[in-house]
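Notes follow the structure.
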Amino acid sequence: MDSDAVVPMLRYLSQQPLYLLIILAFGSYLVANRLRQYWRLRQFKGPFSTGVSWVWHSRAVISGSAHKWYGDVTEKYGSIARVAPNHLITSSPELWAHINAVRSPYKRAEWYYHCARFEPGKDNVFTECDNEKHEARRKKMVAGVSPNCPNLYLYVTQHQQYSGKENPSLESSIDTHVEELVHLIRSKYAAPTASTSATTPMDLATKMQYFTLDVISHVGLGNAFGDLKADEDINGYIASSEEGLMIGNTSWGLGISWIRDVPILGKAISPSEKDAKGFGKMMSTARKCISERMMKSTSERSDMLSSFIRHGLTGDDLFQETFEQILAGSDTTAASLRIIMLYIMSHPRVYAKLQAEVDGAVKAGIAPATPKIISDAEAQRLPYLGAVVREALRVHPPVVNLFSRVVPKGGDTVTVDGEEVFLPGGTMIGYSAWSMHRNNKGLYGEDAQIFRPERWLVDQNIPSERDRLAHMCKTNDMIFGYGRWVCLGKVVAMIEIHKAIFELFRNFDFALANPHEPWTIFNTLGLYAIGNMWVEVTERA
1 MDSDAVVPML RYLSQQPLYL LIILAFGSYL VANRLRQYWR LRQFKGPFST GVSWVWHSRA
61 VISGSAHKWY GDVTEKYGSI ARVAPNHLIT SSPELWAHIN AVRSPYKRAE WYYHCARFEP
121 GKDNVFTECD NEKHEARRKK MVAGVSPNCP NLYLYVTQHQ QYSGKENPSL ESSIDTHVEE
181 LVHLIRSKYA APTASTSATT PMDLATKMQY FTLDVISHVG LGNAFGDLKA DEDINGYIAS
241 SEEGLMIGNT SWGLGISWIR DVPILGKAIS PSEKDAKGFG KMMSTARKCI SERMMKSTSE
301 RSDMLSSFIR HGLTGDDLFQ ETFEQILAGS DTTAASLRII MLYIMSHPRV YAKLQAEVDG
361 AVKAGIAPAT PKIISDAEAQ RLPYLGAVVR EALRVHPPVV NLFSRVVPKG GDTVTVDGEE
421 VFLPGGTMIG YSAWSMHRNN KGLYGEDAQI FRPERWLVDQ NIPSERDRLA HMCKTNDMIF
481 GYGRWVCLGK VVAMIEIHKA IFELFRNFDF ALANPHEPWT IFNTLGLYAI GNMWVEVTER
541 A
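Once you know that position 462 of the sequence shown is 462 in UniProt numbering, the rest is easy, because the numbers rise by one and skip nothing.
Structural data, given as structure tokens:
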């Protein structure tokens with residue numbers, strides 16, 4: 001540069017306000033940081049702009065179909081691909097199992113999990129990102145450890161699920177609400193057998209949510225909300241939950257969820273228990289229920305809340321964990337039931353075969369006479385019912401969270417599709433449920449995208465088939481998490497699902513009222529907001 005031009009430029013810059021220099025410095029820092037992120041992950045392919053911008057990912061989240069966007073990425077770019085400057089995604093079951101192993105050095109990414117907090121700065125077992133604190137929380141919540149287990153620590157770390165061993169009335173509590181569900185449908189919506197009279201369409205989506213909310217409130221708090229008996233969302237929980245998830249999804253997609261952690265401002269824009277409606281009102285009602293239960297001895301009734309108290313959860317931690325179990329236990333199980341029902345109703349061959357197995361179990365006395373409910377042990381021994389449940393949850397995973405993890409400091413060398421790959425430390429990596437389960441042709445066959453329950457009914461006397469089935473089951477179980485982050489409520493959810501599906505098809509026939517548009521569905525933070533699932537119901541002889 002000509003020396004005569006340098007002096008005027010320096011004089012000009014010296015006359016500018018300091019804030020301009022700060023802006024230039026900050027902008028330079030951002031550009032340099034983004035270029036560094038691009039370069040360190042340059043070996044991983046992804047959609048245009050994902051190396052330098054979060055725009056693609058924001059569009060995926062805001063669309064309400066992020067799971068399909070992630071699936072398309074791994075289908076096109078491989079089982080490990082790039083979705084943002086510092087974020088990868090994988091559809092490899094082996095890599096995901098490695099990342100989530102019991103003693104894995106990976107940790108949850110605050111960028112994702114803190115968006116799911118109920119209140120700013122307050123964590124629960126789902127949002128806690130510190131591995132040691134997370135383990136401590138889980139051990140207080142397991143409550144399903146067998147008293148005869150010879151290695152308590154190994155059982156706790158490998159099988160951390162709330163199985164209800166400390167709640168002897170768990171199954172009977174679920175039976176109560178299955179009976180209420182059947183009664184509600186029979187008394188208000190089911191047309192007489194072979195009726196030609198007008199029918200009353202029923203929104204199956206809401207009934208499934210009433211059912212799962214009543215179950216988890218009964219199992220968790222010792223007192224059901226009563227939605228099935230009232231046939232309405234009494235406390236506005238469903239609307240409030242969907243509202244909260246939608247707000248969280250939008251703020252996360254736009255990259256502004258960090259605002260909730262800003263002192264004073266975050267609290268001002270977050271739901272409050274003083275609110276007259278919405279998510280805040282939902283929190284207030286739940287806290288009131290918990291406070292009332294705290295006034296009673298834990299020996300008076302043994303339920304999930306009592307178990308948490310006995311194992312050392314107190315104060316706000318107790319509220320956060322109980323509230324989380326109610327929300328998560330209801331939404332995910334309701335989504336599972338809706339998905340299973342939709343796939344059965346839309347596949348006549350499967351429908352007929354499942355109902356034949358149900359009728360056979362009734363005729364053989366495996367199931368007690370109605371209105372009594374089949375036992376969990378007997379329901380889970382029915383092979384086709386089990387295959388239908390697994391297949392529906394495989395072809396349309398009910399939980400499609402990104403589940404972002406952070407690669408440990410120093411990085412990690414992993415094997416993906418037979419090749420060694422280095423993941424730089426500090427990189428975030430998530431999971432593509434849609435690809436791992438629905439599109440996994442290498443494991444499930446060329447027809448992996450097709451709903452075919454028979455793929456689970458293999459000849460286990462053939463070693464190769466037995467091994468393949470074991471691999472399929474291990475991968476399919478990842479729908480509920482894996483290793484140190486496996487779902488606490490899996491056991492309760494599976495009891496609900498098997499019982500409800502059996503009894504619904506024992507008592508009724510279902511048909512989609514609008515087969516051209518069977519439901520409305522929107523992905524919010526990995527959970528589905530499902531509605532308008534209208535069906536016509538006929539009483540079975």
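C-beta atoms are modelled at their ideal positions from N, C-alpha and C, and glycine is treated no differently.
When DSSP reads this structure, ASN523 sits in a beta bridge with TYR528.
Per DSSP, ARG468 is one residue of the alpha helix (DSSP H) stretching across 463–477. If you draw a straight line from the Cα of ALA60 to the Cα of GLY526, it is about 12 Å long. In this structure ILE185 is in contact with PHE508, their Cβ atoms being roughly 6 Å apart against a cut-off of 8 Å.
Proximity of the region 397–413 to the region 515–531 meets the contact definition, three or more beta-carbon pairs being nearer than 8 Å. When the alpha-carbon of ALA379 is set against those of LYS296, LYS499, TYR106, VAL362, the nearest one is in LYS499.
A contact between stretches requires three or more CB pairs, one per stretch, nearer than 8 Å, and the region 54–69 fails this requirement with the region 408–419. Shown here for GLY312: same chain residues with a beta carbon closer than 8 Å to its own, the five before and five after excluded, namely LYS140 in chain order. Straight-line spacing of the CA atoms in ARG287 and ALA511 works out to 40 Å. In this structure, VAL388 and LEU354 form a Cβ contact; the two beta carbons are roughly 6 Å apart against a cut-off of 8 Å.
Per the coordinates, the alpha-carbon of GLU119 lies some 7 Å from the alpha-carbon of SER270.
Three or more pairs of CB atoms, one per stretch, sit closer than 8 Å, so the region 77–93 contacts the region 433–443.
In the DSSP assignment, MET202 is bridged to VAL535.
Nearest Cα to GLY280 within the set GLU539, ASN249, GLN460, LEU245: LEU245.
Judged by pairs of C-beta atoms under 8 Å, the region 225–243 touches the region 170–185, as three or more such pairs exist. Assignment of ARG108 by DSSP, reduced to helix, strand and coil, places it in the strand class. Between GLU496 and ILE174, the C-beta gap is smaller than 7 Å, which places the two residues in contact. The C-beta separation of GLN209 from SER330 comes to about 7 Å, placing the pair in contact by the 8 Å criterion. Cβ contact annotation for GLY220 (same chain, cutoff 8 Å, sequence separation greater than five): ASP303, MET304, LEU305, THR322, GLN325, ILE326, GLY329, in chain order. The Cβ atoms of PRO463 and GLU391 lie no closer than 7 Å to each other. Ranking GLY386, ASN523, LEU443, ASN439 by CA distance to the CA of MET494 puts GLY386 first. Here HIS87 carries a strand assignment [DSSP, helix/strand/coil]. Per DSSP, the beta bridge partners of ILE80 are THR90. Closest by C-alpha distance to ALA334, out of ILE216, TRP252, ALA513, is ILE216.
A direct Cα-to-Cα measurement between ASN223 and ARG293 gives close to 9 Å. ILE259 is classed as exposed because its beta carbon has fewer than 16 other beta carbons within 10 Å across all chains shown.
GLY445 sits in coil when the DSSP states are folded into three classes, being neither helix nor strand. Residues of the same chain with a CB within less than 8 Å of the CB of GLY426, apart from the 5 flanking positions on each side, are ASN86, VAL406, VAL407, LYS409 in chain order. Contact between GLU446 and THR199 is absent: CB atoms are separated by about 40 Å, not below the 8 Å threshold. In this structure, the beta-carbon distance from MET533 to LEU213 does not fall below 7 Å.
Inclusion of VAL395 and PHE505 in the CB contact set at 7 Å is not warranted, their separation being larger than that value. Taken through DSSP and simplified to helix, strand or coil, THR413 comes out as strand.
Burial is judged here by how many other beta carbons sit within 10 angstroms of a residue's own beta carbon; CYS289 has at least 16 and is buried.
The Cβ neighbour count for TRP111, taken over all protein chains shown within 10 Å, is at least 16; the residue is labelled buried.
At a cut-off of 4 residues, the continuous stretches assigned as alpha helix (DSSP H) that sit fully inside the region 208–290 are 227–230, 237–254, 265–269. Between PHE451 and HIS347, the beta carbon gap of about 6 Å places them in contact (Cβ cut-off 8 Å).
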